[in-house]
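**Student:** For what it's worth, the working numbering labels the leading residue of the sequence shown as 90, then goes sequentially.
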Amino acid sequence: MSLIVQKFGGSSVRDAARLKNVARIVADTYEAGNDVVVVVSAQGDTTDNLIAMASEVAAKPSRREMDVLMSTGEQISAALLTMTLNEMGFPAKSLTGWQAGFLTDSNHRSARIRRISKERLENELGKKNIAVVTGFQGINRYDDITTLGRGGSDTSAVALAAALGAARCQIFTDVDGVYTADPRLVKTARKLSEITYDEMLELATLGAQVLHNRSVEMAKRYNVEIEVLSSLERKPGTIVKEVVKVEKMMITGVAKDDKVARIALVGLPDKPGVAFKVFSLLASRRVNVDIILQSIGRDNTKDITFTVADSDKQIAIDALTELSPSLGIKEIVADDMISKVSIVGAGMESNPGVAAKMFEALFDANINIHMISTSEIKISVLIDKELGSKAVTAIHNAFEV
Numbered sequence: 090m091s092l093i094v095q096k097f098g099g100s101s102v103r104d105a106a107r108l109k110n111v112a113r114i115v116a117d118t119y120e121a122g123n124d125v126v127v128v129v130s131a132q133g134d135t136t137d138n139l140i141a142m143a144s145e146v147a148a149k150p151s152r153r154e155m156d157v158l159m160s161t162g163e164q165i166s167a168a169l170l171t172m173t174l175n176e177m178g179f180p181a182k183s184l185t186g187w188q189a190g191f192l193t194d195s196n197h198r199s200a201r202i203r204r205i206s207k208e209r210l211e212n213e214l215g216k217k218n219i220a221v222v223t224g225f226q227g228i229n230r231y232d233d234i235t236t237l238g239r240g241g242s243d244t245s246a247v248a249l250a251a252a253l254g255a256a257r258c259q260i261f262t263d264v265d266g267v268y269t270a271d272p273r274l275v276k277t278a279r280k281l282s283e284i285t286y287d288e289m290l291e292l293a294t295l296g297a298q299v300l301h302n303r304s305v306e307m308a309k310r311y312n313v314e315i316e317v318l319s320s321l322e323r324k325p326g327t328i329v330k331e332v333v334k335v336e337k338m339m340i341t342g343v344a345k346d347d348k349v350a351r352i353a354l355v356g357l358p359d360k361p362g363v364a365f366k367v368f369s370l371l372a373s374r375r376v377n378v379d380i381i382l383q384s385i386g387r388d389n390t391k392d393i394t395f396t397v398a399d400s401d402k403q404i405a406i407d408a409l410t411e412l413s414p415s416l417g418i419k420e421i422v423a424d425d426m427i428s429k430v431s432i433v434g435a436g437m438e439s440n441p442g443v444a445a446k447m448f449e450a451l452f453d454a455n456i457n458i459h460m461i462s463t464s465e466i467k468i469s470v471l472i473d474k475e476l477g478s479k480a481v482t483a484i485h486n487a488f489e490v
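#1: Taking its Cβ as the centre, do 16 or more other Cβ atoms sit within 10 Å of R303, making it buried, or is it exposed?
#2: Within 10 angstroms of its Cβ, does Y286 collect 16 or more other Cβ (buried), or is it exposed?
#3: Give the single residue among G215, T244, I328, K109 whose Cα lies nearest to the Cα of L170.
#4: Beta-carbon within less than 8 Å of I466's beta-carbon, same chain only, minus the 5 sequence neighbours each way: which residues are those?
#5: Could you check how far apart the C-beta atoms of S183 and V102 are, in whole angstroms? I think they sit under 8 Å.
#6: Do you know how far the Cα of L409 is from the Cα of A34?
#7: Kindly indicate if chain B contains any beta-carbon less than 7 Å away from that of S464.
#8: Which one or two residues does DSSP pair with I202 in a beta bridge?
#9: List the DSSP bridge partners of Q259.
#10: Going by DSSP, what residue range makes up the beta strand (DSSP E) through D346?
#11: In three-state terms, what does DSSP make of P515?
#12: On the DSSP bridge list, what partners appear for Q226?
#13: Of all the options N175, R198, S206, D194, which has the alpha carbon lying nearest to the alpha carbon of Q188?
#14: Can you tell me whether T327 is helix, strand or coil according to DSSP?
#15: What span of residues does the alpha helix (DSSP H) with G436 cover, start to end?
#16: Mapping DSSP to helix, strand and coil, what is D359?
#17: Just to confirm my understanding: we take D424, look at its own chain, exclude 5 residues before and 5 after, and list those with CB closer than 6 Å. What are they?
#18: Since I believe T244 is in contact with H301 (beta carbons under 8 Å), could you give me their beta-carbon distance rounded to a whole number of angstroms?
#19: Where do the N-terminal and C-terminal ends of the beta strand (DSSP E) with A423 fall, by residue?
#20: Use the C-beta contact count for T277: other C-beta atoms within 10 angstroms, 16 or more gives buried, fewer gives exposed.
#21: For Q95, I'd like the list of residues in its chain whose CB is within less than 6 Å of its CB, leaving aside the five on either flank, ordered along the chain.
#22: To the nearest whole angstrom, what separates the beta carbons of I456 and A487, a pair I think is in contact under 8 Å?
#23: Tell me which residues share the same chain as G477 and place their Cβ nearer than 8 Å to its Cβ, disregarding the 5 neighbours each side in the sequence.
#24: Identify the residues that DSSP records as bridge partners of S469: which are they?
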């Protein structure tokens, strides 16, 4: 007998028919002799609808109240799935994030998990109950509801698997695994049977939407084996783990991120400490910076260009505008009509010429590169947004992934 954590996304629980399908998957796992903890997201577009409702009554609702509101979506899913399982004759009980022991910091809307008190969950499992837990949420030391931010339900599931020592954490989605590229864009994309934590983390960070990067980071830290699989088809998915059996491929996948913005700071003084002031300011506003490029100084000035998530673009611009007089910034130029296209593969370390092959594929497709960033297992380029899908196909075909 094993303990299995199963997480179901919003599309998997969006209506009664999907809920019954999920209940059958959970029931089959339970009937096989396993203890089961289920983590659920809000149904379908519920979270977006809640945000829209908030915007109708308040221009800038407090982050605390937004967490109170946003947490209700997962509670609906958990209660409905539990009712469905009960109707089928299975002992199930729904638990909110705080009932399940999620204790977080007080950073509303993007809280971090401090610890998980396991007593209530272990008690329910000891009674042979199926525990259905609301993802994405917890409670801080002031007993205020908090939410974990984007991808929070994936993070909840992996955290529970780590805390409870689960044999596996299964992430059920509307796709049947991790592919070498988005199969909606690249018809020749193929499903991977296995992928390393590092490769999955890079793909998740670079735009692949199968898993959230925070959940992969946590899985790697606590050695939690993840399986990504479909809630609609009963077949094996992709295993995410530390070491894969097959020889490292040169390229594991190609990813595209359209939700990125480029910001250029023009005419900065060419002197020590300028970059520190810029990026420490952005860090204080919780703006995550990705690719950074600094020009060679001329006439005692230099330019710094960097990328941020498009959702952080205005926050960054506002902060830098305030600092502009003291820093001597002559101009701030922002552009969100770009895409970041990346290749990822642990095998890149031992295969020279990977970058040249990627750039050749883009050249052959007549796609201009604006910025480049590299690491040991990934290469990213910024290109015009309308060419993003074309670039992914061209690169995937060039490497015959």
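A virtual CB, placed ideally from N, CA and C, is assigned to each residue, including glycine.
**Tutor:** Here's the rundown:
#1: In the sequence shown, residue 303 corresponds to position 214, counting from 1. R303 is buried by the Cβ-count criterion.
#2: Taking the sequence shown and counting its residues from 1, the one referred to as residue 286 is at position 197. That one is buried.
#3: Looking up residue 170 in the sequence shown gives position 81. For the residues G215, T244, I328, K109, the minimum Cα distance to L170 belongs to K109.
#4: Translated into positions along the sequence shown, residue 466 becomes position 377. So the qualifying residues of the chain are D287, E288, E291, V433, G434, A435, M437, E438.
#5: Here residue 183 refers to the residue found at position 94 when the sequence shown is read from its first residue. Here residue 102 refers to the residue found at position 13 when the sequence shown is read from its first residue. In this structure, S183 and V102 do not form a Cβ contact; the two beta carbons are roughly 12 Å apart against a cut-off of 8 Å.
#6: No answer is possible for residue 34: the residues shown for the chain start at 90 and end at 490.
#7: Among the chains of the structure shown, chain B does not appear; only one protein chain is present.
#8: On the sequence shown, residue 202 is found 113 positions in, with the first residue counted as 1. Bridge partners of I202: T193.
#9: Along the sequence shown, read from residue 1 onward, the residue named residue 259 stands at position 170. Partner(s): Q95, E316.
#10: Here the question's residue 346 lines up with position 257 in the sequence shown. Segment 342-346, the beta strand (DSSP E) holding D346.
#11: Past the boundaries of the shown model lies residue 515; the chain is included only from 90 to 490, so the question cannot be answered.
#12: Within the sequence shown, the letter at position 137 stands for residue 226. For Q226, the pairing in a beta bridge is given by DSSP as T236.
#13: Position 99 of the sequence shown, counting from 1, holds the residue named residue 188. Closest option to Q188, judged by alpha-carbon separation, among N175, R198, S206, D194: S206.
#14: Taking the sequence shown and counting its residues from 1, the one referred to as residue 327 is at position 238. Strand.
#15: Here residue 436 refers to the residue found at position 347 when the sequence shown is read from its first residue. Where G436 is concerned, there is no enclosing alpha helix (DSSP H), given that its DSSP letter is neither H nor E.
#16: Indexing the sequence shown from 1 puts residue 359 at position 270. Coil at D359, not helix or strand.
#17: Walking along the sequence shown from the start, residue 424 turns up at place 335. R351.
#18: For the purposes of this step, residue 301 is taken as residue 212 along the sequence shown, with counting starting at 1. For the purposes of this step, residue 244 is taken as residue 155 along the sequence shown, with counting starting at 1. Their Cβ separation, rounded to whole angstroms, is 7 Å, which keeps H301 and T244 in contact under 8 Å.
#19: Residue 423 sits at position 334 when you count from the first residue of the sequence shown. From DSSP, the beta strand (DSSP E) with A423 extends over 420-424.
#20: The sequence position of residue 277 within the sequence shown is 188, counting from 1. With fewer than 16 other beta carbons inside 10 angstroms of its own, T277 counts as exposed.
#21: Counting from 1 along the sequence shown, the entry for residue 95 is found at position 6. Counting only Cβ-Cβ distances below 6 Å, and skipping sequence neighbours, we find V127, Q259.
#22: Your numbering for residue 456 matches position 367 in the sequence shown. Your numbering for residue 487 matches position 398 in the sequence shown. The Cβ separation is near 12 Å, so there is no contact.
#23: Counting from one through the sequence shown, the residue named residue 477 turns up at place 388. Excluding sequence neighbours, G477 sits near K345, D347, S428, V430.
#24: On the sequence shown, residue 469 is found 380 positions in, with the first residue counted as 1. Answer by DSSP bridge pairing, in chain order: S431, S462.
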